[in-house]
Amino acid sequence: MIRHIVFFSVPDRANLERVRSGLSILTEIPHARHLEIGTSVKSDLYDTSVDLIVYGEFDDEAALAAYRAHPLYQESIARVKPLRELRIAADYDVAHAVTRPV
Numbered sequence: 000m001i002r003h004i005v006f007f008s009v010p011d012r013a014n015l016e017r018v019r020s021g022l023s024i025l026t027e028i029p030h031a032r033h034l035e036i037g038t039s040v041k042s043d044l045y046d047t048s049v050d051l052i053v054y055g056e057f058d059d060e061a062a063l064a065a066y067r068a069h070p071l072y073q074e075s076i077a078r079v080k081p082l083r084e085l086r087i088a089a090d091y092d093v094a095h096a097v098t099r100p101v
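Quick note on numbering: numbering that gives the first Met the number 0 labels position 43 of the sequence shown as 42, and the sequence is numbered without any gaps.
Structure below.
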């Protein structure tokens, strides 16, 4: 399983709901096992620049690639990109994740 996590910052707070709405259309893409859009509670002591988070779980890299190729993904980019500042994404294979001290 592949976990897909993307962090966004929205410099103009007036645009936060527009960005959340633009990201929410991603939940209609059928290739994810699970997909959610979260709002940061900004509890980190060192950095509170992240406003919104996309978290997804995909069966494999092919499912993630199909998600990214979907027209709604492109629509989301068109709606969100002009309003966001930071975008940091990471994907990892759960089978290779460290779950105990090494």
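Using N, Cα and C, we set each Cβ at its ideal position, and we do this for glycine too.
Contact belief for residue i with residue j at Cβ below 8 Å, rounded distance in angstroms
| i | j | result |
| --- | --- | --- |
| residue 88 | residue 5 | 4 Å |
Residue range of the beta strand (DSSP E) that includes residue i
| i | result |
| --- | --- |
| residue 111 | The chain is shown from 0 up to 101; residue 111 falls before or after that span and cannot be answered. |
Three-way DSSP call (helix, strand, coil) for residue i in this model
| i | result |
| --- | --- |
| residue 28 | coil |
| residue 69 | coil |
| residue 44 | coil |
| residue 53 | strand |
| residue 2 | strand |
Member of the options whose CA lies at the smallest distance from the CA of residue i
| i | options | result |
| --- | --- | --- |
| residue 7 | 50, 56 and 60 | 50 |
| residue 74 | 97, 23, 54 and 60 | 23 |
C-beta contact flag for residue i and residue j at 8 Å
| i | j | result |
| --- | --- | --- |
| residue 86 | residue 56 | no |
| residue 63 | residue 25 | no |
| residue 52 | residue 39 | yes |
Any non-hydrogen atom of the ligand GDP within 7 Å of residue i CB
| i | result |
| --- | --- |
| residue 1 | In the structure shown, the ligand GDP is absent, as is every other ligand, since no ligand is present at all. |
Residue range of the unbroken alpha helix (DSSP H) whose run includes residue i
| i | result |
| --- | --- |
| residue 18 | 15-23 |
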